[in-house]
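To start, the structure itself, in structure tokens.
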Amino acid sequence: MSAYPPILNNLIRRLSRLPGLGEKSAARIAMYLLKAQGDEIEALSENIRQLRDGIRTCGTCFHFTDAQVCPLCADPVRKTGELCIVESTSDLLAIEQSGAFRGRYHVLQGVLAPLDGIGPDQLRIKELFARIGSEGISEIIIATNPSSEGEATAHYLLQLLKNHPVRVTRIAYGIPMGGDLKYTDRITLERALKGRQIF
Ligand SMILES: [Zn+2]
Numbered sequence: 352m353s354a355y356p357p358i359l360n361n362l363i364r365r366l367s368r369l370p371g372l373g374e375k376s377a378a379r380i381a382m383y384l385l386k387a388q389g390d391e392i393e394a395l396s397e398n399i400r401q402l403r404d405g406i407r408t409c410g411t412c413f414h415f416t417d418a419q420v421c422p423l424c425a426d427p428v429r430k431t432g433e434l435c436i437v438e439s440t441s442d443l444l445a446i447e448q449s450g451a452f453r454g455r456y457h458v459l460q461g462v463l464a465p466l467d468g469i470g471p472d473q474l475r476i477k478e479l480f481a482r483i484g485s486e487g488i489s490e491i492i493i494a495t496n497p498s499s500e501g502e503a504t505a506h507y508l509l510q511l512l513k514n515h516p517v518r519v520t521r522i523a524y525g526i527p528m529g530g531d532l533k534y535t536d537r538i539t540l541e542r543a544l545k546g547r548q549i550f
């Protein structure tokens, strides 16, 4: 039996389903909300409601946006010839925050995972090929994660792209900054060596 009243207990249970939150953090947030001052609870509920009603995916790159076309696709300064393929919006944001890429993106909205019923038709692959034809893309950078699904998706795309007049590149694997060679796994080391560059 929980020591919390049912209303509080329900909130804690619901919050603990959120990614990255365990029961303890959920309980801490619930207690904070219980003591929240002014209209903080109403403002939070309104933000969540707006999220559901006001956020959609960009019709071009499938990044989240509140407009028909996202700010990245609408930005005239960004290069149009380079297209970076990512699994998710969070991966897009990570690359964007690095400031290392100034081209355009395409969010697949997942990776191939046949066991979970996710095949090519569940991803934004058809839309990707439509863009290659219409946007004058000269380079496709495949930035799916180095997981088995991310790799399988990258290879699948590579096969499909073979007959297209575009340069296909894959983001490099390597040793993380602050890493240590002796603690690095064999596959990462092997790929870091294969992907070596002139110094
Ligand atoms: Zn977009």
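Quick note on numbering: the sequence shown equals residues 352 to 550 in my numbering.
For glycine and all other residues, C-beta sits at the position ideal for the given N, C-alpha and C.
Among the options, which one has its Cα closest to the Cα of residue i?
| i | options | result |
| --- | --- | --- |
| Cys435 | Asn496, Ala387, Asp417 | Asn496 |
| Gln460 | Arg518, Ile363, Gly501, His515 | Gly501 |
| Val458 | Cys412, Leu512, Leu532 | Cys412 |
| Ala505 | Ile358, Ile522, Gln388 | Ile522 |
| Gly410 | Thr535, Tyr456, Gly530, Asn361 | Tyr456 |
| Lys430 | Pro357, Ile491, Tyr355 | Ile491 |
| Val519 | Ser485, Ala494, Asp472, Tyr534 | Ala494 |
| Leu479 | Leu509, Leu544, Ile538 | Leu509 |
Give every residue of the same chain whose Cβ lies closer than 8 Å to the Cβ of residue i, excluding the five residues on either side of it in the sequence, and list them in chain order.
| i | result |
| --- | --- |
| Ile392 | Leu384 |
| Tyr507 | Leu463, Pro471 |
| Gly546 | Ala523, Tyr524, Gly525 |
| Ala503 | Val462, Leu463 |
| Phe452 | Glu433, Cys435, Ile446, Ile492 |
Can you name the start and end residues of the beta strand (DSSP E) that residue i belongs to?
| i | result |
| --- | --- |
| His457 | 455-458 |
For residue i, I'd like the list of residues in its chain whose CB is within less than 7 Å of its CB, leaving aside the five on either flank, ordered along the chain.
| i | result |
| --- | --- |
| Gly470 | Leu463 |
| Ile488 | Gly432, Leu434, Arg482, Val517 |
| Leu366 | Leu372, Ala377, Ile380, Ala381 |
| Leu369 | none |
| Arg424 | Note that residue 424 corresponds to Cys in the displayed sequence, not to Arg. Counting only Cβ-Cβ distances below 7 Å, and skipping sequence neighbours, we find Cys409, Thr411, Cys412, Arg455. |
| Arg407 | Thr416 |
If we count the other Cβ atoms within 10 Å of its Cβ and call it buried at 16 or more, is residue i buried or exposed?
| i | result |
| --- | --- |
| Leu532 | exposed |
| Val437 | buried |
| Asp304 | The structure shown has nothing for residue 304, since the chain only spans 352 to 550. |
| His414 | buried |
| Leu466 | exposed |
| Ile399 | exposed |
| Arg475 | buried |
Leaving out five residues before and five after residue i in sequence, what residues of the same chain have Cβ atoms less than 6 Å from its Cβ?
| i | result |
| --- | --- |
| Arg542 | Tyr524 |
What residue range is occupied by the uninterrupted alpha helix (DSSP H) comprising residue i?
| i | result |
| --- | --- |
| Arg542 | 537-545 |
| Ala381 | 374-385 |
| Pro357 | 357-366 |
Contained alpha helix (DSSP H) runs [length at least 4] in the stretch 437-525, N- to C-terminal order = The stretch 437-525 contains these whole alpha helix (DSSP H) runs: 440-449, 476-485, 499-512.
Please list the segments of the beta strand (DSSP E) lying wholly inside the stretch 389-441, counting only runs of 3 or more residues, in order along the chain.
-> Within the stretch 389-441, the complete beta strand (DSSP E) runs of at least 3 residues are 433-437.
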